[in-house]
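Residue numbers for the sequence shown follow the UniProt record's numbering, beginning at 1 and rising by one. The C-beta atom is built at its ideal place from N, Cα and C for all residues, glycine as well. Here is the structure we will look at, set down as structure tokens.
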Amino acid sequence: MSGEERNIRLCLAYDGTGYSGWQRQPEARTVQATVEACLKRMTSEEVTLHGAGRTDAGVHALGMVANFHTRTSIPVHGLWRGLNAMLPADIQILKVQEADPRFHSRYSATGKAYRYDLYTGPVQQPTRRLYETHVPCRFALDQVLRCLALLRGTHDFSSFEARGSRNPACTNGRGAVRTLFHCSCTPDQSRKAGVFGFWAMVFSATWCVIWSAPCCWWPGAR
1 MSGEERNIRL
11 CLAYDGTGYS
21 GWQRQPEART
31 VQATVEACLK
41 RMTSEEVTLH
51 GAGRTDAGVH
61 ALGMVANFHT
71 RTSIPVHGLW
81 RGLNAMLPAD
91 IQILKVQEAD
101 PRFHSRYSAT
111 GKAYRYDLYT
121 GPVQQPTRRL
131 YETHVPCRFA
141 LDQVLRCLAL
151 LRGTHDFSSF
161 EARGSRNPAC
171 TNGRGAVRTL
181 FHCSCTPDQS
191 RKAGVFGFWA
201 MVFSATWCVI
211 WSAPCCWWPG
221 AR
């Protein structure tokens with residue numbers, strides 16, 4: 001059944017291990033395409049899902065914000081239940097909301113936060129290899145903290161871009177300049193470290209280019 005157009009906001013979490021990133025790609029399994037296929041089954045519409053960002057292959061998300069437009073009359077609770085029933089276990093919808101017509105998950109976002117889990121012991125548990133980076137050498141926290149202090153603030157990250165990757169039609173005038181307003185490296189209090197350390201490295205930024213993996217990602221949006 002069709003009616004007035006609605007703007008629906010989703011918050012979803014996923015394990016990116018089995019996906020070639022967020023963005024839809026030909027002949028590749030992606031998070032965006034997987035969710036869009038379920039939305040099409042539910043609404044009988046060709047739905048385009050707009051993500052707040054584009055995670056790379058193997059990157060996980062704790063709270064990706066996305067939105068889509070639809071004329072379906074299915075209530076938000078029905079969308080939430082239906083999507084979670086159809087989606088694979090490595091993608092789940094945390095919340096579904098009606099959004100203001102002007103809301104766009106990408107352009108309304110205020111920033112991103114990345115978390116990198118590090119383990120500094122000599123041998124890593126095989127079951128953790130996809131979810132934490134193994135650092136078997138001496139982990140010099142004092143040096144790490146000094147480096148993080150240098151990253152805070154506003155910087156031009158164009159040297160981390162692949163040549164020709166920036167869209168020349170982009171008109172926001174910001175280029176590769178981003179602001180990191182929080183960088184930290186702290187013990188992961190949720191796990192018993194014993195002799196060796198489990199560390200959580202967190203970056204919060206205004207659309208910052210981050211160059212490490214594996215990681216978990218979640219955007220701030222309003």
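Could you check the C-alpha separation between residue i and residue j for me, to the nearest Å?
i           : j      : result
ARG54       : LEU83  : 21 Å
ARG106      : ALA66  : 8 Å
ASP142      : ARG102 : 45 Å
HIS155      : LEU94  : 34 Å
CYS147      : VAL59  : 24 Å
residue 233 : CYS38  : Outside the modelled stretch of the chain, which goes from 1 to 222, sits residue 233, for which no answer is possible.
VAL135      : ALA113 : 22 Å
PHE160      : ASP56  : 15 Å
LEU62       : ARG115 : 10 Å
THR30       : MET64  : 14 Å
ARG71       : ALA176 : 37 Å
ARG178      : THR110 : 12 Å
PRO26       : SER20  : 11 Å
HIS118      : PHE157 : At residue 118 the sequence reads Leu, which differs from the His that was named. Distance between the alpha carbons of LEU118 and PHE157 is about 24 Å.
ALA28       : ALA162 : 21 Å
Counting contacts by CB-CB distance shorter than 8 Å, is residue i in contact with chain C?
i      : result
ARG129 : No chain C appears in the structure shown, which is made up of a single protein chain.
Would you please state the rounded distance, in angstroms, between the beta carbons of residue i and residue j? I believe it to be under 8 Å.
i      : j      : result
THR48  : ILE74  : Incorrect: roughly 17 Å between the Cβ atoms, too far for contact.
LEU145 : CYS185 : 6 Å
ARG6   : HIS69  : 7 Å
ARG41  : MET86  : 7 Å
Taking the alpha-carbon of residue i as reference, which of the options has the nearest alpha-carbon?
i           : options                        : result
THR17       : GLN124, ALA52, CYS38, ALA89    : ALA89
TRP22       : ASP156, ILE91, GLU98           : ILE91
residue 226 : GLN32, ASP156, PRO26, GLU5     : Any answer about residue 226 is impossible in this case: the structure gives the chain only from 1 up to 222.
TRP80       : CYS137, THR127, VAL35, ARG128  : VAL35
PHE139      : THR133, LEU150, THR120         : THR120
ASP100      : ILE8, GLY3, ASP56, GLU4        : ILE8
residue 224 : CYS137, ALA85, ALA149          : What is shown of the chain runs 1 to 222, which leaves residue 224 out entirely.
ARG152      : GLN124, CYS137, CYS183, GLN125 : CYS183
LEU10       : ALA162, ALA85, THR179, GLY51   : GLY51
ASP15       : VAL202, GLU132, PHE157         : GLU132
With DSSP collapsed to three states, give me the class of residue i.
i           : result
ASP142      : helix
ASN172      : Caution is warranted here: a pLDDT of 49 is assigned to ASN172, below 50, making its placement in the model unreliable, and no coordinate value can be reported.
PRO126      : helix
GLN92       : strand
GLN25       : coil
HIS104      : coil
PHE181      : strand
VAL31       : helix
GLY111      : strand
VAL148      : One detail in the question is off: residue 148 reads as Leu in this sequence, not Val. Helix, per DSSP.
residue 223 : Nothing about residue 223 can be read from this structure; the chain reaches only from 1 to 222.
GLY3        : strand
GLY121      : coil
GLU98       : strand
VAL76       : helix
GLY58       : coil
PHE68       : strand
THR17       : helix
VAL195      : With a pLDDT of 43 at VAL195, under the threshold of 50, the predicted position of this residue should be treated as unreliable, though the coordinate-derived value follows. Coil at VAL195, not helix or strand.
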